[in-house]
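Participant: Take this structure, written in structure tokens, and hold onto it; I'll ask about it next.
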Amino acid sequence: MMTISKESVTEKVTKDTAALKEVVVETADNLEKLGKDAQQTVTQAVADTKTKLEAETEQLNEQVQDQVQNFKQDLVQRLDVIKTQFSTSQKDLVELADFLKSELNLLVKELTEVGKELREDVSQISSKHKVQLTETLKRSKEHTLEVWNKVTTKQ
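Sequential numbering of the sequence shown, starting at 229, is according to the working numbering.
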């Protein structure tokens with residue numbers, strides 16, 4: 229059998245330990261480098277995302293401001309149209325009030341006349357019916373008397 233000397237085992241363990249230390253140091257360096265690369269990538273991604281979000285926010289803000297501005301312009305235009313249609317000077321308001329009063333008075337007068345005409349029509353209809361009813365009653369009375377006379381005469 230082969231005998232292994234204590235020195236050769238110690239030498240072998242020392243070489244293997246040195247190799248392991250070298251691998252551990254190299255792996256630690258690689259991990260540190262990967263960590264730094266990952267941190268830089270994340271930092272860059274955050275910065276890019278922040279830039280994109282700021283750009284989108286600015287764009288949306290501009291769109292909202294444009295819509296608000298368009299709404300304001302549309303409102304001002306509509307108000308201008310209303311102002312041109314309805315002058316708001318004191319003289320024009322007085323004229324408008326006088327015009328409305330005269331139109332309302334005319335309307336009341338016409339409605340009063342229509343009401344009188346309707347009452348007259350109802351009175352005429354009532355009179356006609358009254359006359360017709362009176363004539364019908366006279367005829368009925370005469371007829372009844374004739375029949376009564378015939379009946380009493382036959383007895």
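Glycine included, every Cβ here is placed at the ideal spot set by N, Cα and C. None of these values were measured; they are calculated from a predicted model.
Which runs of the beta strand (DSSP E) fall wholly inside the segment 258-286 and span at least 3 residues, in chain order?
Facilitator: If we require 3 residues or more, the segment 258-286 turns out to have no beta strand (DSSP E) run fully inside it.
Participant: Where does S351 fall in DSSP's three states?
Facilitator: Sequence index remark: in the sequence shown, residue 351 carries index 123 (1-based). Residue state, collapsed to three classes: helix.
Participant: For S317, which three-state DSSP category applies?
Facilitator: For the purposes of this step, residue 317 is taken as the residue at position 89 of the sequence shown. S317: coil per DSSP, three-state reduction.
Participant: In angstroms, rounded to a whole number, what distance separates the CA positions of K369 and V379?
Facilitator: Position 141 of the sequence shown holds residue 369. Position 151 of the sequence shown holds residue 379. Straight-line Cα distance between these residues: approximately 15 angstroms.
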